[in-house]
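Numbering of the sequence shown is given in the working numbering, commencing with residue 1 and proceeding in unit increments.
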Amino acid sequence: MSAITRLVASATATTRADLVRATGLARSTVTTHLDQLLDSSVVLEEAEQARGVHRGRPANSLALSSHAGFVMVVDMGIHRARLAVADLSQRLLSIEQVQIDPTSGPVPTLALLGDVLMRMAAKVDRPLHEARAVVVGLPAPVDVRRGMAVRPPIMPGWDEFPVAETMSARFGCTTVVQNDVNLMAVGEARALPAEQCPLLFIKVGTGIGGGLVSADGNLHLGADGAAGDIGHIRVPGAEPVVCACGNIGCIEAVASADAILRQLSLPQADPVVATAHVEQLLRQGDADTVRLVREAAVVLGEVVATLVHFYNPSRVVLGGAITSASDHLLAGVRGVVYQRALPLATRNLTLAHSVLGARAGIAGGVVIGVELVLSPTGIRALL
């Protein structure tokens, strides 16, 4: 039943005959499962209008009911959060961006984000009892099973705070908590042809993070959810800069947007404004900024070359504010990787900017939320 609902939701199958072909199941089996979905108003079936000259009666068209439910996504960064409401066909109903300060603690931050989500759902006329899942991306190491951050270096007060439990209590539905770059990796992977996986997504922003998507299109989380957390890999020979995690010489401490800001010695200002200033300098071709980004690219490229050997991805994607402002970071990383990595690991490798840009995290969150709702367990709950 889960497979049938997913095929209808993605519009891969819009008729009973399509479902029989796509699933390989007997027509009677498809009918039995589909009837349960129709009786529960999860799926709707409407007669199609005949078009042109055509023999026989037109097939009835299948689609998810608009009242089957919706999912909500919070893609948190260090300075801002993007929020979305989407139906179970992955159609975005509403999307907003708000300024946040996670250092104020989880209680006020989650309360603010919850208020925004409630307002967004009301604006698109979606009653809260139809909410089926909330997906929250955090800029921190995440214990996915327990739905909480674990010792986040730059989010005081968030360590082991029950984020999933808090959001589930407010909205009455399941909450999934993930690392923010994992959401981006999933969104990017689903926007590309299947042969572009395995995929490694690297975000270069205030910090540096990574997300891994396997050949079958699913997240690779590792034993505890720490897979892809590359920001605290130590760079041999790097300057002895103290990282937010307390260690010295982490890639995040020497090649992130914050590291570039520090080296530019810009006047102390709001971090969002300062980062936007760096982006502007890059777009204008400022010599000092370009030089620092190129130096960061060499350091990052060494780490990526190692990861390419270890994981052998089909595609490496660079995302984040600094990467979108110019091609200098991508070009530098690409040059080091092709120079350092062996031919077998690079002959079919693609290194590119994100095709979704700032919306990659929202896209990934919607995918994760909808797939949770339409999973076998989710469908039983929905019925």
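Each residue gets a CB set at the ideal place from its N, CA and C atoms; glycine is no exception. If you're wondering where the values come from, they're calculated on a predicted model, not measured in any experiment.
Using CA coordinates, which residue listed in the options is at the minimum distance from residue i?
i: R380; options: R21, L7, H33, L19; result: H33
i: I233; options: L219, P127, R262, I251; result: I251
i: L25; options: G137, M118, M1, T346; result: M1
i: L200; options: R170, R151, F310; result: F310
i: G210; options: V303, V136, G369, L92; result: V303
i: T174; options: G147, A185, A223, D159; result: G147
i: L138; options: Q280, L374, V42, A81; result: A81
i: H79; options: F161, A68, Q97; result: Q97
i: P198; options: R190, A191, G217; result: G217
i: D39; options: S65, N60, A22; result: S65
i: G369; options: L183, Q263, K123, T346; result: L183
i: H67; options: V308, L19, L128; result: L128
i: G357; options: T350, T323, V144; result: T323
i: A215; options: N312, D18, G225; result: N312
i: D159; options: G285, A276, E165, V150; result: V150
i: Q280; options: L261, G301, A244, G69; result: L261
i: Q99; options: A244, Q90, L112; result: L112
Return the chain-ordered list of same chain residues with a C-beta closer than 6 Å to the C-beta of residue i, the five sequence neighbours on each side being excluded.
i: P102; result: T109, M155
i: G205; result: A257, G320, A321
Taking 7 Å as the limit between beta carbons, can you name the residues of its chain near residue i, skipping five residues before and five after?
i: A387; result: Because the chain in this structure spans residues 1 to 383, residue 387 falls outside the shown range and cannot be described.
i: V299; result: V235, A238, I251, V254, A255
i: N348; result: S314
i: G157; result: G105, P106
i: L372; result: A133, T174, V176, G378
Around the Cβ of residue i, are there at least 16 other Cβ atoms within 10 angstroms (buried) or fewer (exposed)?
i: E188; result: buried
i: D125; result: exposed
i: R119; result: exposed
i: P141; result: buried
i: L228; result: The displayed chain sequence assigns Gly, not Leu, to residue 228. Label assigned to G228: buried.
i: G222; result: exposed
i: H387; result: With the chain covering only 1 through 383, there is no way to say anything about residue 387.
i: A13; result: buried
i: R190; result: buried
i: A11; result: exposed
i: D288; result: exposed
i: A325; result: buried
i: A9; result: buried
i: P152; result: buried
Using 8 Å for Cβ pairs, my map puts residue i next to residue j. What's the rounded Cβ distance?
i: K203; j: V181; result: 5 Å
i: L330; j: S354; result: Actually they do not touch by this definition, with Cβ atoms about 10 Å apart.
i: V186; j: G364; result: 4 Å
i: V42; j: L382; result: 6 Å
i: V85; j: A121; result: 6 Å
i: L292; j: L264; result: 7 Å
i: T5; j: N60; result: Wrong, their Cβ atoms sit about 17 Å apart, outside the cutoff.
According to DSSP, is residue i helix, strand or coil?
i: H67; result: coil
i: H220; result: coil
i: Q263; result: helix
i: E371; result: helix
i: Q90; result: coil
i: L44; result: strand
i: A227; result: coil
i: E239; result: coil
i: A406; result: The structure shown does not extend to residue 406, since the chain is modelled only from 1 through 383, so no value can be given for it.
i: E160; result: coil
i: M184; result: helix
i: R347; result: coil
Just to check, is the beta-carbon of residue i closer than 8 Å to a non-hydrogen atom of the ligand ADP?
i: L212; result: The model on display carries no ligand, and the ligand ADP is accordingly not part of it.
Determine whether the Cβ of residue i lies closer than 9 Å to any Cβ atom of chain C.
i: L117; result: Reference to chain C is not applicable here, since this structure consists of a single protein chain.
In chain order, what residues of the same chain have a beta carbon less than 8 Å from the beta carbon of residue i, not counting five sequence neighbours either side?
i: L92; result: A84, V85, A86, I362, V366
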